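Chains as they are written, first to last, in my numbering: chain A, 1 to 107; chain B, 108 to 214; chain C, 215 to 321.
Using N, Cα and C, we set each Cβ at its ideal position, and we do this for glycine too.
The structure presented is a predicted model; accordingly, all values stated were derived computationally and were not measured.
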Amino acid sequence: MSTSTLSPMKKIEVVVSNEDAHAVRTLFEHAGVSGFTAISAAAGLGHGGYHASNLTFNTEAGLTMLLAVASEARADALVVGLRELLESRSGVFFVSDVAVSRPEYFA
Amino acid sequence: MSTSTLSPMKKIEVVVSNEDAHAVRTLFEHAGVSGFTAISAAAGLGHGGYHASNLTFNTEAGLTMLLAVASEARADALVVGLRELLESRSGVFFVSDVAVSRPEYFA
Amino acid sequence: MSTSTLSPMKKIEVVVSNEDAHAVRTLFEHAGVSGFTAISAAAGLGHGGYHASNLTFNTEAGLTMLLAVASEARADALVVGLRELLESRSGVFFVSDVAVSRPEYFA
Numbered sequence: 001m002s003t004s005t006l007s008p009m010k011k012i013e014v015v016v017s018n019e020d021a022h023a024v025r026t027l028f029e030h031a032g033v034s035g036f037t038a039i040s041a042a043a044g045l046g047h048g049g050y051h052a053s054n055l056t057f058n059t060e061a062g063l064t065m066l067l068a069v070a071s072e073a074r075a076d077a078l079v080v081g082l083r084e085l086l087e088s089r090s091g092v093f094f095v096s097d098v099a100v101s102r103p104e105y106f107a
Numbered sequence: 108m109s110t111s112t113l114s115p116m117k118k119i120e121v122v123v124s125n126e127d128a129h130a131v132r133t134l135f136e137h138a139g140v141s142g143f144t145a146i147s148a149a150a151g152l153g154h155g156g157y158h159a160s161n162l163t164f165n166t167e168a169g170l171t172m173l174l175a176v177a178s179e180a181r182a183d184a185l186v187v188g189l190r191e192l193l194e195s196r197s198g199v200f201f202v203s204d205v206a207v208s209r210p211e212y213f214a
Numbered sequence: 215m216s217t218s219t220l221s222p223m224k225k226i227e228v229v230v231s232n233e234d235a236h237a238v239r240t241l242f243e244h245a246g247v248s249g250f251t252a253i254s255a256a257a258g259l260g261h262g263g264y265h266a267s268n269l270t271f272n273t274e275a276g277l278t279m280l281l282a283v284a285s286e287a288r289a290d291a292l293v294v295g296l297r298e299l300l301e302s303r304s305g306v307f308f309v310s311d312v313a314v315s316r317p318e319y320f321a
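Structure follows, in structure tokens:
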């Protein structure tokens, strides 16, 4: 089957405030992630939701979702960097499995 | 590896018309989902696509994609609620596996 | 559990320049994918990122992310079509596993 000829990669989705999107992009570059997609998002939250340290997202704040696909090794480096970054900033990230064609484009 | 130290969670993506986004947010809150992201979307469709009951999405209608990450137990509650909600409204939802850092933030 | 009563499907996410979004939609239709969601995106890139053939995405270009959910058989047909399309156009696509309620709506 066609989908079984694809190569396994990791997808990393990061949601941060617009002003922190640049720091995430810098992390992507340092981890050697060759491409990413940025999407404008809005967030809401219930009690105690989507926060880090003493900061809390609110529905007014503009958010950006950044999405990158990378090899497991690069994703590992990115996770270390994102954990560090989000110690002092609001934000969340999720990692999931994806399959891609032409894995060489994702380095 | 860094990615293997992450905690498994469920990601729930819901696509509904803008006017139903609030009902989905209410469901998220009732299921105890502490945070979510909302993204503006547009949809197209082929023959018979993306619909529920007698309503059909068209490319003119504004759509919202709502994305939440939750524990499997909360995702289960959300699935029950979403099934009920989408019996009378246009919309689709997908559930997938993700891994997160700091699972306590996702309740 | 509720999530275990869902049906397995494939999610296909495609990121292309706005002007190629229509070609992707046509592919979706030919593969029998009954519905999809389109999201406006922006992309940045590191060295050598997100490209195909001699074209390269830049941060100025408007991008569209198109998201479809389909059976594995339809996803296979879509992967064949997307590979062919992206030989001559900039763009990337990812395939992942999702679970849905009401699989008959996704054909």
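Partners in chain B for residue i, counting only beta-carbon separations shorter than 8 Å
i: L220(C); result: V186, V202
i: V228(C); result: Ordered by position in chain B, no residue passes the 8 Å Cβ test against V228(C), which lies about 13 Å from the chain.
i: V238(C); result: Simply none; closest approach about 10 Å.
Partner residues on chain A for residue i, Cβ-Cβ distance less than 9 Å
i: I146(B); result: I39, S40, A41, A42, M65
Option in the options with minimal Cα separation from residue i
i: L241(C); options: S254(C), A255(C), I226(C); result: I226(C)
i: H236(C); options: K224(C), P222(C), T219(C), L280(C); result: L280(C)
i: S71(A); options: R25(A), S34(A), M9(A), S17(A); result: M9(A)
i: T171(B); options: R102(A), S40(A), S17(A); result: S40(A)
i: R316(C); options: V186(B), G169(B), T110(B), R132(B); result: V186(B)
i: E318(C); options: G246(C), T217(C), V230(C); result: G246(C)
i: Y232(C); options: A289(C), V312(C), G276(C); result: According to the sequence shown, residue 232(C) is Asn rather than Tyr. The option with the nearest alpha carbon to N232(C) is G276(C).
Rounded straight-line distance, which links the Cα of residue j to that of residue i
i: F94(A); j: E298(C); result: 30 Å
i: Y264(C); j: A184(B); result: A caution first: Y264(C) carries a pLDDT of 45, below 50, which makes its placement in the model too unreliable to give a value.
i: L269(C); j: E194(B); result: Its pLDDT being 38, under 50, L269(C) is placed unreliably by the model, and the measurement read from it follows with that caveat. Their backbone Cα atoms lie some 45 Å apart in a straight line.
i: G188(B); j: E136(B); result: 11 Å
i: N58(A); j: T251(C); result: Note that N58(A) has pLDDT 46, beneath the 50 cutoff, so the model's placement of it is unreliable and the number below is only indicative. Their Cα atoms are separated by approximately 26 Å.
i: S310(C); j: V228(C); result: 12 Å
i: V16(A); j: A42(A); result: 10 Å
i: A75(A); j: V205(B); result: 13 Å
i: R25(A); j: T110(B); result: 19 Å
Same chain, Cβ closer than 7 Å to residue i, five either side skipped, listed in chain order
i: D127(B); result: R196, G198
i: V100(A); result: L6, S7, M9, V69, F106
Within chain C, partners of residue i - CB distance below 8 Å
i: S17(A); result: Near S17(A) there are no residues of chain C at all, since even the closest Cβ is about 16 Å away, more than 8 Å.
Contact set between residue i and chain A, taken where Cβ atoms lie within less than 8 Å
i: S208(B); result: V79, L82, R83, L86, F93
Interface partners of residue i on chain B, CB under 7 Å
i: V336(C); result: The requested residue 336(C) is not part of the displayed model; chain C covers only 215 to 321.
i: K224(C); result: Simply none; closest approach about 10 Å.
Buried or exposed (CB count within 10 angstroms, at least 16 for buried), residue i
i: S34(A); result: buried
i: S53(A); result: Caution is warranted here: a pLDDT of 31 is assigned to S53(A), below 50, making its placement in the model unreliable, and the coordinate value is therefore given only provisionally. Burial call: exposed.
Residues that residue i contacts on chain A, provided the C-beta gap is smaller than 7 Å
i: G169(B); result: Going along chain A, no residue has its Cβ under 7 Å from G169(B), so there is no contact; the nearest lies around 13 Å.
Own chain residues within Cβ distance below 8 Å of residue i, not counting five before or after
i: A287(C); result: none
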